[in-house]
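Q: Counting along the sequence shown from 1, when you hit position 75 you're at 389 in the working numbering, and nothing is skipped either side.
Where is the CB? At the ideal position from N, CA and C, for every residue including glycine.
Given the structure is predicted, the values throughout are model-derived calculations rather than measurements.
What follows is a structure written as structure tokens; I'll ask about it next.
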Amino acid sequence: MALTEIHRPGTTRILVVDDDPIIREFCTKILNQAGYRTLAASGSSDAMWLMTSSSDPFNLLVVDVFLPISPKLQLSPIQNVYPPVNGDKMVCRMLATVPELHVLYISSSSYEDLLEQGINLGTAPFLHKPLDAEILLRSVKATLEAPPLRLNIPHHATSSPDDHAGRSSELAA
315 MALTEIHRPG TTRILVVDDD PIIREFCTKI LNQAGYRTLA ASGSSDAMWL
365 MTSSSDPFNL LVVDVFLPIS PKLQLSPIQN VYPPVNGDKM VCRMLATVPE
415 LHVLYISSSS YEDLLEQGIN LGTAPFLHKP LDAEILLRSV KATLEAPPLR
465 LNIPHHATSS PDDHAGRSSE LAA
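Here it is, written out as structure tokens:
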């Protein structure tokens, strides 16, 4: 089966992670209209919870590089065990557990500004906000058609004493 057949709209699950509700809604609406199955999260904790609790795996992560890292008020009775981290760190943790996950970074900072701040996304696809619907769709298609992102993840970035307890403990590290 060709890669493009595997990741076609209707079968592809996308997780959009951005703290800006307007960006989340825009991405979700555009991607849903194109036929993708899309969920959204406002931060890394919620995204990691969705990733580990879903029985149907995500194929693509559209993620803001900068996510809030301060804990938010939790109204849900379900305790979320995942500490908030920035988008790039969240991606490292997710790829350590789900290496076939495709990643598309978004940010209001330019790629050059990210480099100046010490954030190197390597060869990962990147879109600068504000987003354009057509460019978003083309970028999603191209990202899904390319091989999944491979990162050199240092062992200490993803390990914890209870790593052998399962997938959720790996993401919580």
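Apply the 10 Å Cβ neighbour rule to Asn373 and answer buried if 16 or more other Cβ atoms are within range, or exposed otherwise.
A: Flag for Asn373 reads buried.
Q: Please list the terminal residues of the continuous alpha helix (DSSP H) segment that includes Phe340.
A: Residues 335–347.
Q: Please say whether Val417 and Pro290 have beta carbons closer to each other than 9 Å?
A: Because residue 290 is not part of the residues shown, which for the chain are 315 to 487, the question remains open.
Q: Kindly indicate which three-state DSSP category Thr352 falls into: helix, strand or coil?
A: Thr352: strand per DSSP, three-state reduction.
Q: Is the Cβ-Cβ distance between Ser358 and Val331 less than 9 Å?
A: Contact: yes.
Q: Hey, could you find the ends of the alpha helix (DSSP H) Arg452 is sitting in?
A: Looking at the DSSP string, the run of the alpha helix (DSSP H) that includes Arg452 is 447–459.
Q: Only counting the same chain, and skipping five residues up and downstream in sequence, which positions put a Cβ closer than 6 Å to that of Ser422?
A: The residues are Lys443.
Q: With burial defined as no fewer than 16 other Cβ atoms inside 10 Å of the residue's Cβ, what is the status of Arg407: buried or exposed?
A: The residue is buried, with at least 16 neighbouring Cβ atoms inside 10 Å.
Q: Check whether the Cβ atoms of Asn400 and Leu381 lie closer than 9 Å to each other.
A: In this structure, Leu381 lies closer than 9 Å to Asn400 by Cβ.
Q: Of all the options Leu458, Tyr396, Tyr350, Thr326, which has the alpha carbon lying nearest to the alpha carbon of Pro439?
A: The candidate whose alpha carbon is nearest that of Pro439 is Leu458.
Q: Between the Cα of Thr437 and those of Lys343, Asp402, Glu448, spot the shortest distance and give me the residue it belongs to.
A: The shortest Cα separation from Thr437 among Lys343, Asp402, Glu448 belongs to Asp402.
Q: Which residues mark the beginning and the end of the beta strand (DSSP E) in which Leu375 is found?
A: That run of the beta strand (DSSP E) goes 374–378.
Q: Below 9 Å between beta carbons: does that hold for Ala456 and Phe340?
A: Taking 9 Å as the Cβ cut-off, Ala456 and Phe340 do not qualify as a contacting pair.
Q: What's the gap between the Cα of Tyr350 and the Cα of Met404?
A: In a straight line, the C-alpha of Tyr350 is about 22 Å away from that of Met404.
Q: Would Ile328 and Leu451 qualify as a contact pair, given that the criterion is a beta-carbon distance under 9 Å?
A: In this structure, Leu451 does not lie closer than 9 Å to Ile328 by Cβ.
Q: What is the C-beta distance between Ile420 and Pro398, in whole angstroms, given that I count them as a contact (C-beta under 8 Å)?
A: Contact doesn't hold; Cβ gap of about 18 Å is too wide.
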